[in-house]
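Quick notes on the structure that follows.
Number of protein chains: 2
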Amino acid sequence: MTWDEERLARAVLTCVVDPGDDRLAGLLAREGAAAVLAGLRASHRDDVWPRRARELDPACLVERTRAHGLRFIVPGDAEWPTRLDDLARCGQLNGMGGVPFGLWATGPGDVAAMSAQAVAIVGSRASSSYGERVGADLGVALAGGASGRPVWTVVSGGAYGIDAAAHRGALAARGPTIGVYAGGLDVAYPLGNADLFERLRGECVVVSEVPPGHSPSRRGFLARNRLIAALATGVVVVEAAARSGAKNSAAWADLLHRVVMAVPGPVYSVTSVGTHQLIRDGRASLVTGPDDVWALLAPLGVADVDVTRGQARLFDRLSHDQQAVFEAFPARGTTTVGELSVRSGVPMAGCHAALTALVSLGLIAASGDGTWRLARRAAPGRPVGPG
Amino acid sequence: MTWDEERLARAVLTCVVDPGDDRLAGLLAREGAAAVLAGLRASHRDDVWPRRARELDPACLVERTRAHGLRFIVPGDAEWPTRLDDLARCGQLNGMGGVPFGLWATGPGDVAAMSAQAVAIVGSRASSSYGERVGADLGVALAGGASGRPVWTVVSGGAYGIDAAAHRGALAARGPTIGVYAGGLDVAYPLGNADLFERLRGECVVVSEVPPGHSPSRRGFLARNRLIAALATGVVVVEAAARSGAKNSAAWADLLHRVVMAVPGPVYSVTSVGTHQLIRDGRASLVTGPDDVWALLAPLGVADVDVTRGQARLFDRLSHDQQAVFEAFPARGTTTVGELSVRSGVPMAGCHAALTALVSLGLIAASGDGTWRLARRAAPGRPVGPG
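Residue numbers (our numbering), protein chains in the order written: chain A, 1 to 387; chain B, 388 to 774.
Structure representation (structure tokens):
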């Protein structure tokens with residue numbers, strides 16, 4: 001990594017602008033980071049951004065980065081996870097949004113490669129032992145590629161409870177996992193999970209949009225949730241109370257057209273109230289284990305269903321909306337849930353349910369980037385033949 | 388109850404024709420039961436129906452009915468639950484269907500009055516302690532009218548597991564509950580639930596379409612499930628394995644346009660696999676307790692939501708399909724889910740989800756007979772004002 005002027009300017013901007021504040025996004029796209037930073041420094045206004053921009057010593061930031069063994073990944077780098085660029089187009093939540101200026105990272109893992117096939121597993125910090133078992137089992141199976149299934153990188157926030165269980169499951173399976181933190185990577189957070197932080201940075205990778213030396217803020221946690229959702233193809237909410245950060249991650253995933261999944265639990269458990277709400281309101285697909293997650297996320301041709309046998313009968317057994325969604329697929333190329341909803345007349349929630357069924361039947365497949373396409377042998381608009 | 392010719396002929400027909408066999412339905416509607424029975428007796432064919440019709444001694448059946456303290460309710464009686472007539476129009480499942488010739492009954496409860504506001508609670512015989520707790524809690528709350536809520540009669544099948552838990556909950560709350568049995572009411576079935584059978588017949592009511600002296604058959608259990616669904620406004624599946632009778636009840640409920648509900652549970656529990664399937668496939672609304680059930684079943688004006696406050700904002704917050712379903716409501720009178728689906732373009736599963744939300748917002752209400760209407764203050768096709 002070389003500290004060219006643009007990279008350094010972006011690094012400084014992460015110290016100047018709060019995470020999730022995208023008011024500079026347009027200017028940045030037009031003029032570049034160096035010009036934006038120069039403009040702030042030259043400003044005569046006594047606002048917080050110009051003041052911070054003038055006061056910060058870039059050399060100090062570079063030295064701190066080196067001292068803590070960090071790197072700073074920016075758009076255009078081979079290690080830049082291009083999924084994050086979706087944040088430029090998805091809109092805002094709680095007044096936050098936007099592509100981060102860059103990602104502070106440390107660890108042997110390549111963030112771009114690891115996030116190419118990644119699923120977020122999130123949930124309550126105040127989790128139940130049931131939820132922790134589910135989180136750990138999902139982490140083991142998805143990151144470990146159990147039963148010969150494809151390996152999915154487990155993305156989570158390194159927090160107590162479900163996050164930690166999912167990370168630990170992935171680490172136990174020696175699978176890939178990314179810790180996405182809300183504070184600077186010079187300090188392990190939360191302190192009680194310092195061992196987890198060290199294992200993640202030692203064996204995989206940890207990332208943050210917040211520079212070293214900055215503590216996580218309440219705003220930072222909400223901004224961080226958008227990165228977790230953006231880095232993944234789908235988000236599994238394992239446990240969530242009625243009001244919870246995990247539901248915020250689900251909302252980001254929805255905004256980003258990621259696959260939103262939620263795990264049910266005992267109705268007497270307060271930590272399942274939020275997941276039941278997500279399912280009941282049609283905002284998440286119910287998943288009961290790694291098989292359901294694989295089916296929903298499976299890239300083209302991976303769903304292990306024999307599609308040559310009895311497809312005509314299979315088509316006849318589809319429900320009205322499953323048929324409508326299936327017939328809304330283009331013969332070639334990919335499409336989004338939004339397009340399918342418009343073309344089929346089936347609302348988004350219904351489309352998600354139909355897609356689940358069609359994937360498990362082997363008729364369609366996820367492309368791995370949030371879009372969907374026909375499985376190789378299926379063709380829409382007619383009963384599906386054996387050819 | 389007087390044994391006029393028509394009632395006696397219908398009683399004899401329950402001994403001649405297997406439960407759920409509706410091949411005589413058309414003839415019965417045109418010519419009446421006495422003529423149908425006379426025709427069978429006069430037939431020269433050596434089929435099972437003519438043989439049974441000739442061999443049966445009606446006097447013997449009348450005596451057995453009297454001896455066991457039973458009554459036989461037929462269409463036209465004040466105690467006839469007219470909901471059962473929906474079975475004439477809903478089609479078949481597993482080759483079975485149709486309105487029963489009559490209902491054998493015993494107990495102080497009035498079947499018509501009790502089923503006017505009734506909810507079925509069904510589930511696995513091989514239930515978990517979790518499921519039994521849910522079933523009992525639902526029975527207590529719904530039949531007991533907990534927290535000043537309206538009383539709902541609990542309909543179930545008297546079986547081990549969830550059925551028994553729901554009945555016992557209702558009895559514990561001194562609420563109304565109907566046991567719908569697959570065999571003749573002269574014998575308690577299953578024997579291990581004889582105490583439950585005796586309590587139901589002593590304090591509430593038990594019914595069967597099968598005459599005294601007949602044991603329950605495998606076919607009889609499936610035919611019985613249609614009566615459970617038909618007698619209720621909605622069916623709650625508390626626990627169900629992947630293949631289970633409870634899912635058969637849910638299928639009948641769907642066919643009858645009853646509200647189908649399912650309770651989630653731990654993903655590691657085999658007895659929740661079936662309920663999770665029903666929810667995932669959009670065939671049941673997820674319910675977590677009596678409040679959800681009340682909201683879905685609440686008759687006009689009962690949903691305790693203040694509908695005068697901020698309805699305009701409320702309408703703006705509806706999802707695309709919730710708006711579409713709401714606008715598909717007629718200004719006056721009731722409508723069915725099927726009609727709403729056609730008019731709104733939202734598939735059935737999506738309609739159910741939207742109805743749940745609209746009920747809980749106080750915009751629409753269930754009429755108590757499986758149809759839906761606008762709540763008093765709501766009007767479709769325009770932002771909802773405060774008037």
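Here a beta-carbon is modelled for each residue, glycine too, at the ideal position from N, C-alpha and C.
Fair warning: this is a prediction, and the values are worked out from it, not measured in the lab.
- Per DSSP, reduced to three states, the secondary structure at B:LEU761 is strand.
- One finds nothing in chain B with a Cβ atom closer than 8 angstroms to the Cβ of A:ASP291; even the nearest lies about 11 angstroms away.
- Around B:LEU448, the same chain offers ALA398, VAL399, CYS402, PRO598 as residues with beta carbons nearer than 7 angstroms, after the five sequence neighbours per side are excluded.
- Between B:ALA523 and B:ARG561, the gap from beta carbon to beta carbon reaches 9 angstroms or more.
- When C-beta atoms of the segment 615 to 626 of chain B are compared with those of the segment 414 to 434 of chain B, fewer than three pairs fall below 8 angstroms, so the two segments do not count as touching.
- In this structure, the CA atom of B:GLN504 is about 25 angstroms from the CA atom of B:GLY570.
- When Cβ-Cβ separations below 9 angstroms define contact, A:SER285 makes contact with chain B.
- Counting C-beta atoms within 10 angstroms of its own C-beta, A:ARG224 has 16 or more neighbours from the protein chains shown and is therefore classed as buried.
- The segment 325 to 335 of chain A makes contact with the segment 345 to 361 of chain A: 3 or more CB pairs, one atom from each, lie closer than 8 angstroms.
- The DSSP assignment places 435 to 442, 445 to 454, 498 to 502 as complete runs of the alpha helix (DSSP H) inside the segment 422 to 504 of chain B, in order along the chain (cut-off: 4 residues).
- Within the same chain, Cβ atoms closer than 6 angstroms to the Cβ of A:SER344 are found at ALA324, VAL325, ALA328, the five residues on either side in sequence being excluded.
- Pairwise C-beta distances place the segment 215 to 223 of chain A out of contact with the segment 138 to 148 of chain A, as fewer than three of them are shorter than 8 angstroms.
- Cβ proximity to chain B below 7 angstroms picks out nothing from the segment 232 to 256 of chain A.
- B:GLY632 and A:LEU318 have their C-alpha atoms spaced approximately 22 angstroms apart.
- Collapsing the DSSP output to three states places A:THR335 in a strand.
- Any Cβ of chain B closer than 9 angstroms to the Cβ of A:ILE364 would place that residue at the interface, and such an atom is absent.
- Rounded to the nearest angstrom, the gap between the Cα atoms of A:LEU24 and A:ALA9 is 13 angstroms.
- Here the alpha carbons of B:GLY482 and B:TRP539 stand approximately 31 angstroms from one another.
- No Cβ-Cβ contact shorter than 9 angstroms links B:ASP678 with B:THR721.
- Inter-residue distance for B:GLY510 and B:GLY725 is about 26 angstroms (C-alpha atoms, whole angstroms).
- Annotation: B:ARG394 to B:ALA533 spans about 40 angstroms, alpha carbon to alpha carbon.
- For the pair A:CYS204 and A:TRP104, the Cα-to-Cα distance works out to about 14 angstroms.
- Within a 10 Å sphere around the beta-carbon of A:ASP46 sit fewer than 16 other beta-carbons, which makes this residue exposed.
- No Cβ of chain A is located within less than 9 angstroms of the beta carbon of B:THR721.
- Taking CB atoms only, B:GLY496 has no neighbour in chain A less than 9 angstroms away.
- With its beta carbon at least 9 angstroms from every one in chain B, A:PRO19 lies outside the interface.
- B:ASP473 and B:ARG613 have their C-alpha atoms some 11 angstroms from each other.
- Beta-bridge analysis with DSSP links A:ALA262 to A:VAL237, A:LEU286.
- Cβ-Cβ distances below 8 angstroms link A:HIS68 to THR106, LEU185, ASP186, PRO212 in the same chain, with the five nearest sequence neighbours on each side left out; the list follows chain order.
- The Cβ of A:PRO190 sits no closer than 9 angstroms to any Cβ of chain B.
- Taking 9 angstroms as the cut-off, the Cβ atoms of A:GLU63 and A:ALA112 do not count as close.
- For A:GLY179, the enclosing beta strand (DSSP E) covers residues 177 to 181.
- Think of a sphere of 9 angstroms around the beta carbon of B:HIS707: the chain A residues whose beta carbon falls inside it are SER341, PRO347, MET348, in chain order.
- Put simply, the CB of A:ALA141 is far from chain B, with every gap to its CB atoms at 9 angstroms or more.
- When DSSP states are grouped into helix, strand and coil, B:ALA629 belongs to the coil group.
- Chain order gives the chain A residues near B:THR675 as VAL267, HIS276, where near means a beta carbon separation below 7 angstroms.
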